[in-house]
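Residue numbers (this note's numbering), protein chains in the order written: chain D, 1 to 87; chain R, 1 to 87; chain C, 1 to 87; chain G, 1 to 87.
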C-alpha cells in the first residue's frame with residue numbers, strides 16, 4: 001500500500017461527511033430502517049479505511065523513525081492505539 | 001432500551017457529522033496521527049450506536065409486526081442485515 | 001441460508017477445537033508470531049460462523065414462534081444478544 | 001502490559017479449548033441457543049485476548065529489532081497482519 005497524502009484522505013472524509021448528512025435526510029424522510037442501516041455500514045467502512053490508511057502512514061513514518069532513534073514510548077503508544085482502535 | 005425518536009437520532013448524526021468535519025481539519029493542520037485515530041474511533045462508536053438504535057427500533061416494530069402477519073421475508077431480511085452489519 | 005443441523009455445527013466446533021490445539025503446539029514449538037496470529041484468525045472466523053448459524057436458527061425458530069405467541073420478552077432477549085455478540 | 005510467557009498463553013488456550021468442547025456438549029444436549037451464543041462470545045473474547053498478547057510481544061520484539069536492523073519488510077508484514085486481524 002503506497003503512502004497516502006492528506007488531500008486524498010480529506011476527499012474520503014468529505015464523502016463520509018456527505019454520507020452522514022444523507023443518513024440524516026433518510027431519517028427525516030422516514031425511509032426504511034434497513035436502507036438506513038446499509039448507509040450507516042457504508043459510512044463506517046469509509047471511516048475504517050481512513051483509519052487504516054492513517055495507521056499505515058503512522059507506522060511507516062513516526063513509529064519507524066522513533067524506534068530507529070531508540071524511542072520506546074512510541075511502541076507502547078502504538079500498542080495502545082491498536083488495542084483501542086480494533087475491536 | 002426505550003424506543004428512540006428520529007429527533008434524537010438526527011441530533012446524534014449531526015454530532016458525528018461535526019466530528020468528521022473536525023477530523024478533516026485535524027488532517028489539514030497536520031495534527032498527530034494518533035490523535036486523529038482517536039477521533040475516528042469516536043465517530044465510529046457514534047455510528048455504531050445509531051445503527052444499534054435503528055436496528056432495535058426495526059426489530060421491535062417492522063420485524064415483530066411482520067412476523068405477526070405471517071411475513072417470513074422480514075426474517076430473512078433481518079438475518080441478512082445482521083450478517084452484513086456486524087463484524 | 002438453509003437451517004443447519006446440530007451434527008454439522010458439532011463438526012465445525014471439532015475442527016475449531018483442533019485449531020486451538022494446533023495453536024498451543026505452535027507456541028510450544030516457538031513458531032513465528034505472525035503465523036500463530038493467522039491461525040488464531042482462522043479459529044475466530046470459525047467461531048463467528050458457528051455463532052451466526054446458531055443465531056440464524058434461533059431467529060427462524062424460537063424468535064418467530066415467540067412473537068407469533070405474543071411473547072415480547074423474546075424480542076428483548078434477541079436485542080440483548082445482538083448487542084453483546086457483535087462488535 | 002508486561003510481556004507474557006508461552007506458559008501463560010498455553011494455559012489460556014487450554015481454557016479456550018475446554019470452552020469449545022463445552023459448546024459442543026451444549027449442542028449435543030440441545031441447550032438454549034442464547035446460552036450457547038454467550039459461551040461462543042466467551043471463547044471469542046479469549047482468542048482475541050491471546051491474539052493481542054502475541055501481537056504485543058511481536059511488536060516489542062521482532063518488529064522493534066527488525067526496524068533497528070533496517071529491515072523494512074517487517075513493517076510491511078506488521079501492517080498486513082493488522083489489516084487481516086482486526087475487523
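Beta carbons: idealized from backbone N, C-alpha and C, even for Gly.
Here the structure is a predicted model, which means the values were calculated and not measured.
Under 7 Å from the C-beta of residue i: neighbouring residues of chain C
| i | result |
| --- | --- |
| residue 93/R | Residue 93/R lies beyond the range of chain R shown here (1 to 87); nothing can be said about it. |
| residue 43/G | 47 |
9 Å Cβ cut-off: residues of chain C touching residue i
| i | result |
| --- | --- |
| residue 6/G | 27, 28, 30 |
Interface residues of chain C facing residue i [CB-CB closer than 8 Å]
| i | result |
| --- | --- |
| residue 56/R | 79 |
Neighbour list for residue i in chain D, Cβ cutoff strictly below 8 Å
| i | result |
| --- | --- |
| residue 50/G | Within 8 Å Cβ-Cβ: nothing; residue 50/G doesn't reach chain D, min ~13 Å. |
Within chain G, partners of residue i - CB distance below 7 Å
| i | result |
| --- | --- |
| residue 59/D | 75, 78, 79 |
Partners in chain R for residue i, counting only beta-carbon separations shorter than 9 Å
| i | result |
| --- | --- |
| residue 53/D | Within chain R, no residue comes near residue 53/D; the closest Cβ sits about 10 Å away, beyond 9 Å. |
Assigned exposure category for residue i - 16 Cβ within 10 Å defines buried
| i | result |
| --- | --- |
| residue 45/D | exposed |
| residue 1/C | Below a pLDDT of 50, predicted positions are generally treated as unreliable, and residue 1/C, at 47, falls in that range; the measurement from the model is reported next regardless. Exposed: under 16 other Cβ atoms inside 10 Å. |
| residue 52/C | buried |
| residue 85/D | buried |
Exercise. Quick one, which residues of the segment 73-87 of chain G are near chain D if we go by CB-CB under 7 Å, in chain order?
Worked result: Correct list: 75, 78, 79, 82, 83, 86, 87.
Exercise. Any chance the segment 16-25 of chain C sits against the segment 19-33 of chain G, with 3 or more Cβ pairs inside 8 Å?
Worked result: Under the three-pair Cβ rule at 8 Å, the segment 16-25 of chain C counts as touching the segment 19-33 of chain G.
Problem set entry | the segment 44-62 of chain D contacting the segment 73-80 of chain G, beta-carbon criterion three pairs below 8 Å | With the cut-off at 8 Å, the segment 44-62 of chain D and the segment 73-80 of chain G touch.
For this session: Would you check if there are 3 or more beta carbon pairs closer than 8 Å linking the segment 29-36 of chain G to the segment 20-39 of chain C?
Result: The segment 29-36 of chain G, when compared against the segment 20-39 of chain C, does not touch it at the 8 Å Cβ threshold.
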